[in-house]
Amino acid sequence: MHNFDTIVIGGGHAGCEAAAASARIGVNTLLLTKHITTIGAMSCNPAMGGIGKGHLIREIDAFDGLMGVISDLSGIQFRVLNRSKGPAVQGPRAQIDRILYLENMQKALKEQKNLTIVEASVNDIIIENNTICGIRCDQGEYFCNSLILTTGTFLNGVMYCGKNTTPGGRYGEAPTTTLSKRLKKFDLSLSRLKTGTPARIMKDSINYDLLEEQKGDTQPEPFSYMSNKIQAPQTVCHITHTNEKTHQIIANNIRKSAMYSGNITSAGPRYCPSIEDKIVRFPEKKSHQIFLEPEGLNSDLIYPNGISTSLPEDIQLAFIKTIKGLEKAKVRRFGYAIEYDYVDPRELDHSLSVKKIKGLWLAGQINGTTGYEEAASQGLIAGINAARHSRGKKLYFIDRADGYIGVLIDDLVTKGVTEPYRMFTSRSEYRLSLRADNADHRLTDTGIFLGVVGQERKKSWRLKKSKINQARSSLKELIISPTEARRKGLKINCDGKKRSAFELLGYPEINFKDLEKIWEKLENIDLSTRKTISAEATYYRYLKRQKKEIDNFKKEELKKLNPNFNYDLIDGLSNENKDKLSKIKPRTLGQAQRIDGITPSAISLILSHMRNSKGAEF
């Protein structure tokens, strides 16, 4: 008999973070995967981060997660996107060496205390009285208090290339079928989504002389605050474009695409469309940008980001060869679409636990998301809560005002999905506060309280926190008059109002170097601290206003609703609203307000009824 506190099924990005988080908390954890050699594999594009996604990685890192650290060890080009815009919408991004990432992730997991890794296929889930007991697999039975499913695109996965269909969750790997059947027996709502990938092109068949170079930042900025510097050699990417000839070939053969032939009926990612979707949805556009991304320092393959497709192989090759620089392209592996089962995330609560089954958590694409970062974020939270459940501790809910991870989870469990969910900064109403530069400020102390942050990071964070607090205090204590400031070369209004160095730093045209000319001691403030303080100063006035908004939000979140309340008892509430509220079972009044279709009048009815009943805890 094998007994564990937490069992994680699946070795993708969600599974890796879930297993590591559970183990860091100190509970006995099992990671079970079909193939140990594919743990941490990057199934699609060889990149991490970006707008919104980079924020997620920083938040994972704040909890001492793995994705940021492993990306820094494996990154071969780093860029901060939107650098010309404000800090709130800047997003760190990196090209990743696939092999390095996989190797570094596997090494980290093998060295993780309290974690056992087993290669096996799961045949069944053991449940008694709607409570998880364990799983059955090839090697026998494994028992646990908490089970986390992170099946990615493997749940009844089918790959499509033209008319050809192949069962699989990823190229060359079989799907998971028994778990999908089992989940349906639990009366969970399952549906289908799709995603896709482009062809892989041989590096030596590309004419780089015709292409635009895309270089990384001269000073690479790591994802993790624990990374001192980027160690892997850095490389360049290249840019090319489709053209009218490309579009004509695709348009002429559009019905041969699995997505337009009727073979696939499920929705794909709107914000990462296939080249077929781009041609159909944007017929006025004469070209679309393609990023040619190396799959690794020693790889002979290039990932053409922007031309994901499910067209037949001969059509893929034909349209690829119309693209500048790719006229003599050789294809190692053709693109394909993949359709897979997912569970309606409204079946979950904010801990990512299944409401109907005690001890069961879901994380990653099984919840209707797309992207490595979105999956890893869910895995982290599921791992934390599975471990806390095993220890009989209160579950952790991260809300929308605390992090993009909170936005992601709240959107999923409150609104559900009709297409693969992807993170953007625009999804957060508090994005001025939820910046990539202050993720540790927002979350690391919470991670320490939860026991998921190790000693090394704890020590490092407390030192960093002390530096920032000292720097902020010093800047606020340094005062100067407008007359003196202008004499020192600072262009500010001569209104007679004295200003602190912190206030001056909020001016767009004033930076630390300008202030150093006045106060030499500011030279001692390190670069990381400067970035955080500069962002705070830039948004100072707005942050004061946003804090009031966050305080109001938190007040609504403190108004607890009984998840088992019978909404049929509320007179005047429409049947549609009753159905939605009964299905989602909002835990707070704030969450109820965010359910699509729940009107202010419905909220008033709930409030009126709850004040005079036992349906609320406020």
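In this note's numbering, the protein residues as written are 14 to 631. No residue lacks a Cβ here, since even glycine has one placed at the ideal position from N, Cα and C. Everything numeric in this text was worked out from a predicted model, so none of it was measured.
Residues of its chain near residue i, where Cβ-Cβ distance is below 7 angstroms and the 5 sequence neighbours each way are ignored
i           : result
residue 404 : 40
residue 465 : 34, 37, 38, 76, 77, 397
residue 583 : 618, 619, 622
residue 259 : 332, 335, 336
residue 346 : 184, 212, 213
First and last residue of the uninterrupted alpha helix (DSSP H) at residue i
i           : result
residue 521 : Counting along the chain, residue 521 falls outside any alpha helix (DSSP H), and DSSP gives it neither H nor E.
residue 474 : 468 to 490
residue 622 : 613 to 624
residue 332 : 326 to 333
residue 29  : 26 to 38
residue 385 : 385 to 403
residue 456 : 452 to 463
residue 128 : From DSSP, residue 128 is part of no alpha helix (DSSP H) but of the beta strand (DSSP E) over 128 to 132.
Length of the line joining the Cα atoms of residue i and residue j
i           : j           : result
residue 223 : residue 335 : 13 angstroms
residue 195 : residue 152 : 19 angstroms
residue 608 : residue 591 : 12 angstroms
residue 84  : residue 91  : 10 angstroms
residue 212 : residue 312 : 15 angstroms
residue 645 : residue 532 : In this structure the chain extends from 14 to 631, so residue 645 is not present and cannot be described.
residue 430 : residue 355 : 10 angstroms
residue 577 : residue 352 : 35 angstroms
residue 456 : residue 89  : 28 angstroms
residue 302 : residue 337 : 11 angstroms
residue 128 : residue 581 : 46 angstroms
residue 159 : residue 42  : 9 angstroms
residue 24  : residue 177 : 28 angstroms
residue 540 : residue 501 : 23 angstroms
residue 636 : residue 218 : Lying before the first or after the last residue shown, residue 636 is absent from the chain, which here runs from 14 to 631.
residue 243 : residue 542 : 19 angstroms
residue 421 : residue 123 : 29 angstroms
residue 615 : residue 601 : 14 angstroms
residue 604 : residue 68  : 23 angstroms
residue 487 : residue 424 : 40 angstroms
residue 175 : residue 110 : 30 angstroms
residue 522 : residue 509 : 20 angstroms
residue 594 : residue 173 : 38 angstroms
residue 53  : residue 118 : 6 angstroms
residue 481 : residue 553 : 15 angstroms
Boundaries of the beta strand (DSSP E) in which residue i is found, first to last residue
i           : result
residue 205 : 203 to 210
residue 356 : 349 to 356
residue 376 : Residue 376 -> no beta strand (DSSP E), and no H or E assigned at all.
residue 42  : 42 to 46
residue 317 : 314 to 318
residue 91  : 88 to 94
residue 136 : 135 to 141
residue 301 : That residue, residue 301, is in no beta strand (DSSP E); it is neither H nor E in DSSP.
residue 173 : 171 to 174
residue 155 : 153 to 156
residue 100 : It is not in any beta strand (DSSP E) - residue 100 carries neither H nor E in the DSSP assignment.
Buried versus exposed call for residue i [16 or more other C-beta atoms within 10 Å across all chains shown]
i           : result
residue 207 : buried
residue 57  : buried
residue 264 : exposed
residue 141 : exposed
residue 612 : exposed
residue 150 : buried
residue 10  : Since the first residue shown for the chain is 14 and the last is 631, residue 10 is missing from the structure and cannot be characterised.
residue 536 : exposed
residue 96  : exposed
residue 251 : buried
residue 180 : exposed
residue 275 : exposed
residue 507 : exposed
residue 439 : exposed
residue 170 : buried
residue 103 : buried
residue 228 : exposed
Spatial neighbours of residue i in its chain, beta-carbon cut-off 6 angstroms, leaving aside the 5 residues before and after
i           : result
residue 300 : 254, 255, 256
residue 630 : Residue placement at residue 630 is poorly supported in this model, since its pLDDT is 47, which falls under 50; the coordinates still yield a value, given next. Here the set comprises 573.
residue 16  : 156
residue 505 : 495, 498
Close Cβ partners of residue i (< 8 angstroms) along its chain, the five nearest in sequence each way excluded
i           : result
residue 143 : 369, 370, 371
residue 215 : 313, 314, 315, 342, 343, 344, 345
query: Counting pairs of Cβ atoms below 8 angstroms between the stretch 501 to 516 and the stretch 411 to 423, do you hit three or more?
result: These segments do not touch.
- request: Could you say if the stretch 313 to 329 and the stretch 259 to 274 meet the contact criterion of at least three C-beta pairs nearer than 8 angstroms?
  value: A contact exists between the stretch 313 to 329 and the stretch 259 to 274.
message: Check whether the stretch 433 to 448 and the stretch 282 to 290 touch, using three or more Cβ-Cβ pairs below 8 angstroms as the test.
response: With contact defined as three or more Cβ pairs closer than 8 angstroms, the stretch 433 to 448 and the stretch 282 to 290 are in contact.
contact_flag[the stretch 379 to 390, the stretch 47 to 66] where n(CB pairs < 8 angstroms) is 3 or more: Taking 8 angstroms as the limit for Cβ pairs, the verdict is that the stretch 47 to 66 does touch the stretch 379 to 390.
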